[in-house]
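Chains A and B, in that order, give the protein sequences.
Taking numbering that gives the first Met the number 0, the leading residue of the first sequence gets 0, the next gets one more, and so forth.
Taking numbering that gives the first Met the number 0, the leading residue of the second sequence gets 0, the next gets one more, and so forth.
All C-beta atoms in this analysis are idealised placements derived from N, C-alpha and C, irrespective of residue type, glycine included.
Since this is a predicted model, take the numbers as computed values, not measurements.
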Amino acid sequence: MSVRDTARNQRDASWVPRKRRGAELVLTMMAVVIGVAAYAAVGLGTEGTIPADTFKLGGFLAVVAVATTLLVRRVAPYADPVLLPLVIALNGLGLAMIYRLDVGRQALDPDRAAFANGQLVWTTLGVVAFAVTLTLLRDHRRLQAFTYSFGLAAIVLLVLPLLPVVGREINGARIWINLGPFSFQPGEAAKVCLAIFFAGYLVVKRDALALAGRRFLGIDLPRGRDLGPILVAWLISIGVLVLQKDLGSSVLFFGLFVVMLYIATERPGWLVVGALLVTAGVTLGYWQFGHVRTRFDAWLDPFTGDAGYQVKTGLFGLAHGGILGTGWGQGSPQTTPYSFSDYIIASLGEELGLTGLMAILLIYGLIVERGLRIALTCRDGFGKLLAAGLAVSFALQVFVVVGGVTRLIPLTGLTTPFLAQGGSSIVLNWLIIALLLRISDQTRRPAPSPASLASSDTQVVRLP
Amino acid sequence: MNKPIRVMAVFCLVLFAALLVNVNVVQFVQAEDLNAREGNRRVLDAEFSRHRGPILVDGEAIAESVESDGRFEYQRRYIDPELYAPLTGFFSYTYGRSGIERTENSILSGSDDSLFVDRLGDLLGNQQPQGGSVELTIDAAAQKAAAAGLADLGRGAKGAVVALDPSTGAVLAMASQPSYDPNLLASSDLASVQASMEELMADEDQPMLNRGTRQILPPGSTFKLVTAAAALEQLNLEPRSKVKAGRSLSFPGQTYELVNEGGSTCGGSTITLEKALNVSCNVSFGWLADKLGQDRLAEQAAKFGFGTELGDQVSAVQSRFTTEGTELEQSQLAQSGIGQFEVAATPLQMATVAAAIANDGEVMEPYVVKTRRAPNLSVLPGSPTEPESLGRAMSQGNAAKLRTMMESTVQEGTATSARISGATVGGKTGTAQSTKDRPPYAWFVSYATKGDRQVAVAVVVESSRTSRSEIAGGRLAGPIARSVMDAVIK
């Protein structure tokens with residue numbers, strides 16, 4: 000080691016990243032204001048008055064938000080300061096829109112269920128899950144010890160909906176389980192478990208998988224025997240597609256695996272193989288399953304026939320919103336089926352317009368960007384892979400659901416993170432943010448100073 | 000592992016860029032098409048909860064939005080609904096829009112691009128956007144005279160009146176009988192709207208049909224004006240030129256003979272062209288049609304507007320001389336020359352013929368919207384409507400010659416029922432056969448000038464309780480045309 004390197008190391012070691020917790024607090028308060036103002040605007044738009052409980056709700060949200068930032072300040076002081084405010088802003092917008100849709104849907108039919116209160120409870124649970132994860136998990140590398148447990152958990156979670164008593168089929172997809180009064184989509188939890196499993200597995204096996212293979216058409220293809228794991232993952236995804244009839248989750252799981260495999264091995268050949276297998280799977284789905292074909296046909300022409308009704312009315316809503324939107328409570332997003340869950344993006348696009356929708360997409364983009372930045376700067380392979388996997392799968396999920404609603408790609412049933420009504424989704428997404436913050440705290444925390452080692456009682460001695 | 004993470008970052012960037020571009024396409028580029036699509040309830044919902052602009056005639060509202068306690072914030076109300084229904088059309092939640100409510104929807108609803116600044120103001124001031132107003136070219140007195148004239152025929156009578164300003168093409172009156180009440184379709188009680196609609200659709204007399212613009216009927220002898228114009232233009236005839244007359248016109252190799260109404264000889268074996276028009280001599284005009292040939296007669300009809308949709312604002316159907324690609328036999332051509340066989344025209348078309356003759360041969364495009372105004376009453380760009388010429392149907396000199404012939408027809412011919420003292424009136428009657436067992440259609444086409452006031456009018460009466468022999472255009476349709484013209488030039 001040269002003298003200059005040593006000097007740089009000492010300078011690096013003495014460099015302490017700014018924690019920016021004050022900035023996080025300011026951004027968080029702005030995010031709370033966005034959510035509460037949206038709620039007040041819904042009242043103005045629908046009833047002409049600000050809802051009486053605005054200040055109560057606003058106070059509650061502010062207390063929860065401030066408590067969360069204080070917790071982060073205490074248990075993860077070096078964590079990324081932007082992620083939390085971004086997520087709170089999305090969650091607040093989602094809550095306001097679900098409340099607005101409750102009002103609109105019950106105006107059409109008083110017997111329809113209201114979701115806003117339930118969503119508020121689930122959000123609180125999500126924040127609690129976030130706090131517990133961040134408090135108990137002081138080092139993300141501890142998860143690596145449970146790699147195969149998470150793999151097993153993922154498979155159990157995927158199989159659960161297929162079991163006779165607990166499983167439920169809703170709208171042609173068997174992706175729900177019954178837990179007493181609740182129904183729960185285990186797919187979201189399976190996604191997180193799979194990301195942890197893949198990260199733990201690949202960080203160990205990456206060198207074996209990166210062995211040189213054949214070169215074909217300028218692409219390094221992996222060896223035949225190394226194709227084993229990717230084929231298994233593909234078969235699991237196909238299994239999800241065949242048995243649960245859920246094209247969206249199937250593409251998401253497989254995409255997650257291929258991307259993580261590519262990042263671990265640095266071999267673009269995996270992406271080519273992955274893309275070919277996805278194409279094969281989707282083609283198979285198109286020819287074998289009526290509901291997949293229906294989705295495709297509704298995508299190509301939503302305006303004739305009943306199959307495209309949801310896509311069509313969603314597009315009408317978006318178009319009706321135009322550039323500036325109708326304003327909170329002034330459009331009719333409630334006329335679209337599932338306006339509060341799968342189609343919440345169309346509801347927001349209608350009332351907040353192109354401007355609001357682009358802002359929401361940019362918030363999503365920033366979340367992905369922060370996640371990838373954490374992956375880039377992370378010092379350990381496991382954390383890198385996990386952060387990158389979570390960020391890219393988040394991006395894929397947003398693309399699949401928003402692209403489906405806006406007719407860029409065929410519609411598949413995935414939840415819109417932090418916006419859509421649904422307990423499992425909101426809790427698991429808060430967990431993902433907790434994991435990302437934990438990794439980023441580890442990443443940005445200054446390394447222990449070597450100087451302290453020298454001055455301590457224990458000395459490093461050279462043995463003869 | 001940082002290189003693949005950077006690659007994935009670019010990949011995510013591409014995904015988000017695709018989403019952003021796509022929402023711009025849907026919400027900006029395609030928005031207008033999507034909003035205009037059938038079955039788009041949202042646009043209707045919004046329009047029903049918004050203050051829709053009024054439709055005005057002579058400064059008075061004939062359709063307006065009033066505040067309502069019902070399902071929607073506003074209720075569309077039609078004043079004198081049956082009188083103006085052929086113009087206003089209806090504005091219905093279930094059945095959409097028709098008439099001016101349809102063609103001027105973007106102004107009335109406030110969604111037009113020219114109202115963008117107003118909308119922005121409303122948005123910033125947190126006001127509900129308002130629609131602009133549309134003022135029509137209609138002359139209220141003429142419109143009332145037209146409807147009253149048709150009503151005088153009795154309840155069973157069907158007919159239409161269209162009056163134009165010859166120098167501009169502005170529609171001064173457009174009445175159709177039977178009419179309907181658009182208030183019944185604008186109600187927020189959707190069950191009663193549906194019942195009313197079903198009843199209207201089941202009515203054999205088709206009360207929702209605007210007979211002035213949407214129905215073509217054989218124009219009969221009024222088409223002789225077109226044949227006469229062609230004779231003046233193409234054969235260089237004069238009103239004094241001699242044409243064949245007599246009891247009948249026969250065709251080689253056919254037993255069919257073209258005869259005159261009532262079996263007359265029109266006053267000799269040859270008469271002047273003017274006399275032929277005065278007495279509406281079938282033999283003369285059948286003979287002229289034969290002389291002209293199909294091409295030249297069809298060309299003259301096209302110059303007057305046959306085969307085109309006259310005026311975008313009035314959504315008229317095309318009138319026709321023959322069906323596309325027909326090669327007429329000699330006898331068929333002769334029948335076409337007197338407005339029979341396949342010739343069929345809207346009253347709007349025949350009013351346009353009279354207007355062109357009165358306007359020295361120049362055909363003006365019919366229009367019905369005079370001024371479009373923003374909610375703050377400022378006149379919108381492209382308004383008031385500039386009259387537009389559709390070209391010249393005949394020379395100024397020949398138009399003057401045809402006018403003298405039409406004026407003598409009113410003075411001493413078949414059209415005396417349209418005489419107005421103190422005004423110059425030219426006219427032509429028509430009686431067209433449809434089928435043997437139905438009463439024929441009575442037509443009357445005329446114009447009147449007094450000082451600087453001018454009007455052209457076409458009247459058709461489809462059927463009436465009046466007996467078959469009395470249905471000649473002059474007696475039934477003439478007085479209606481007269482009262483409408485009188486209302487305009489008074």
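### Message
I want to see whether chain A comes within less than 7 Å of Ile106(B), judged by CB atoms only; does it?
### Response
No Cβ of chain A is located within less than 7 Å of the beta carbon of Ile106(B).
### Message
Quick check: is the beta carbon of Ala190(B) nearer than 7 Å to any beta carbon in chain A?
### Response
With a threshold of 7 Å between beta carbons, Ala190(B) makes no contact with chain A.
### Task
Would you check if there are 3 or more beta carbon pairs closer than 8 Å linking the stretch 31-45 of chain B to the stretch 314-329 of chain A?
Taking 8 Å as the limit for Cβ pairs, the verdict is that the stretch 314-329 of chain A does touch the stretch 31-45 of chain B.
### Query
Beta-carbon separation of Pro380(B) and Val161(B) under 7 Å?
Judged by beta-carbon spacing, Val161(B) lies beyond the 7 Å limit of Pro380(B), meaning their Cβ atoms are not closer than that value.
### Query
Looking only at DSSP bridge pairs, what is Thr102(B) linked to?
Thr102(B) pairs with nothing; no bridge assigned.
### Message
Strictly below 9 Å CB to CB, what residues from chain B border Ile322(A)?
### Response
Those within 9 Å of Ile322(A) in chain B are Gln26, Phe27, Ala30.
### Query
If we ignore side chains and look at the alpha-carbon of each, how far apart do Gly57(A) and Ala75(A) end up?
One Cα belongs to Gly57(A), the other to Ala75(A), and the distance between them is close to 26 Å.
### Beta-carbon neighbours of Lys383(A), restricted to chain B and to distances below 9 Å
Under the 9 Å cutoff, chain B gives Met0, Asn1, Ile4.
### Query
Going by other Cβ atoms of all chains shown within 10 Å of its Cβ, with 16 needed for buried, is Arg141(A) buried or exposed?
The residue in question, Arg141(A), is exposed, as its Cβ has fewer than 16 Cβ neighbours within 10 Å.
#### Entry: Contact the stretch 18-36 of chain A vs the stretch 83-101 of chain A: 3+ CB pairs below 8 Å
Touching, per the Cβ criterion.
### Query
If we ignore side chains and look at the alpha-carbon of each, how far apart do Ala188(A) and Phe253(A) end up?
When rounded, the distance between both Cα atoms is 15 Å.
### Task
Would you check if the stretch 276-286 of chain B and the stretch 307-317 of chain B touch, i.e. whether three or more CB-CB distances between them fall below 8 Å?
Output reads no: the stretch 276-286 of chain B does not touch the stretch 307-317 of chain B.
### Message
For the stretch 38-46 of chain A against the stretch 91-104 of chain A, do three or more pairs of beta-carbon atoms, one drawn from each stretch, fall closer than 8 Å, so that the two count as touching?
### Response
The count of Cβ pairs closer than 8 Å, one atom from the stretch 38-46 of chain A and one from the stretch 91-104 of chain A, reaches three, so the stretches are in contact.
### Query
What is the rounded straight-line gap between the Cα of Phe398(A) and the Cα of Val65(B)?
Each residue's alpha carbon lies about 46 Å from the other.
### Query
From this set, Val483(B), Gly306(B), Gly219(B), which residue's C-alpha is nearest Asn259(B)'s C-alpha?
Measuring from the Cα of Asn259(B), the nearest candidate turns out to be Gly219(B).
### Query
Which two residues bound the contiguous alpha helix (DSSP H) that contains Val409(B)?
Boundaries of the alpha helix (DSSP H) harbouring Val409(B): 395-411, taken from the DSSP string.
#### Entry: Ala22(A) (DSSP reduced to helix, strand or coil)
Residue state, collapsed to three classes: helix.
#### Entry: Boundaries of the alpha helix (DSSP H) in which Glu368(A) is found, first to last residue
Counted as a single uninterrupted DSSP element, the alpha helix (DSSP H) harbouring Glu368(A) occupies residues 343-376.
### Message
Given a cut-off of 7 Å on the beta-carbon distance, is the pair Lys427(B) and Leu224(B) in contact?
### Response
Yes, Cβ-Cβ distance for Lys427(B) and Leu224(B) is below 7 Å.
### Query
Along chain B, in chain order, which residues have C-beta atoms closer than 9 Å to that of Met96(A)?
Correct list: empty, because the minimum Cβ distance to chain B is about 16 Å.
### Message
I want to know whether the stretch 258-265 of chain A touches the stretch 188-207 of chain A - three or more CB-CB distances under 8 Å.
### Response
Yes, the stretch 258-265 of chain A is in contact with the stretch 188-207 of chain A.
### Query
Does DSSP classify Val250(A) as helix, strand or coil?
Collapsing the DSSP output to three states places Val250(A) in a helix.
### Message
Using a Cβ-Cβ distance cut-off of 7 Å, determine whether Ile262(A) contacts chain B.
### Response
Answer yes: the Cβ-Cβ gap between Ile262(A) and chain B drops below 7 Å somewhere.
### Task
For Arg96(B), go through chain A and note every residue whose CB falls closer than 7 Å to its CB, in chain order.
Chain-order list of chain A residues neighbouring Arg96(B): empty, with the shortest C-beta distance near 17 Å, by a criterion of under 7 Å.
### Task
Please check if any C-beta of chain B sits within less than 7 Å of the C-beta of Ala394(A).
Yes, because at least one Cβ of chain B sits closer than 7 Å to the Cβ of Ala394(A).
### Task
Report yes or no: is there a C-beta of chain A within less than 7 Å of the C-beta of Met393(B)?
Chain A has no Cβ within less than 7 Å of the Cβ of Met393(B).
### Message
Is there a C-beta anywhere in chain A that falls below 7 Å from the one on Phe115(B)?
### Response
Not closer than 7 Å to any Cβ of chain A, the Cβ of Phe115(B) fails to qualify, so no.
### chain A contacts from the stretch 4-22 of chain B (Cβ-Cβ distance under 7 Å)
For the stretch 4-22 of chain B, the beta-carbon criterion of a distance under 7 Å to any beta-carbon of chain A is satisfied by Ile4, Met7, Ala8, Cys11, Leu14, Phe15, Ala17, Leu18, Leu19, Asn21, Val22.
### Query
Can you tell me the Cα-Cα spacing of Met393(B) and Ala229(B), whole angstroms?
So the alpha carbons of these two residues sit roughly 8 Å apart.
### Task
With 7 Å as the threshold, decide whether the Cβ of Leu193(A) is near any Cβ in chain B.
Contacts with chain B at 7 Å (Cβ-Cβ) do not include Leu193(A).
### Task
Measure the beta-carbon distance from Phe497(B) to Ser187(B) and round it to whole angstroms, keeping in mind my assumption that it falls under 8 Å.
Since the first and last residues shown for chain B are 0 and 489, residue 497(B) lies out of range.
### Message
According to DSSP, is Asn21(B) part of a helix, a strand, or is it coil?
### Response
Helix, per DSSP.
### Query
Under a three-way DSSP split, which group does Val133(B) fall into?
DSSP places Val133(B) in strand when its eight states are reduced to three.
### Task
Identify the contact partners of Asp44(B) in chain A, using a Cβ-Cβ distance below 7 Å as the criterion.
Correct list: Ser331.
### Query
Is Ile235(A) helix, strand or coil when you go by DSSP?
Shown here, Ile235(A) sits in a helix according to DSSP, grouped into three states.
### Query
Can you give the Cα-Cα distance for Ala17(B) and Leu361(A), rounded to whole angstroms?
Roughly 12 Å between the two C-alpha positions.
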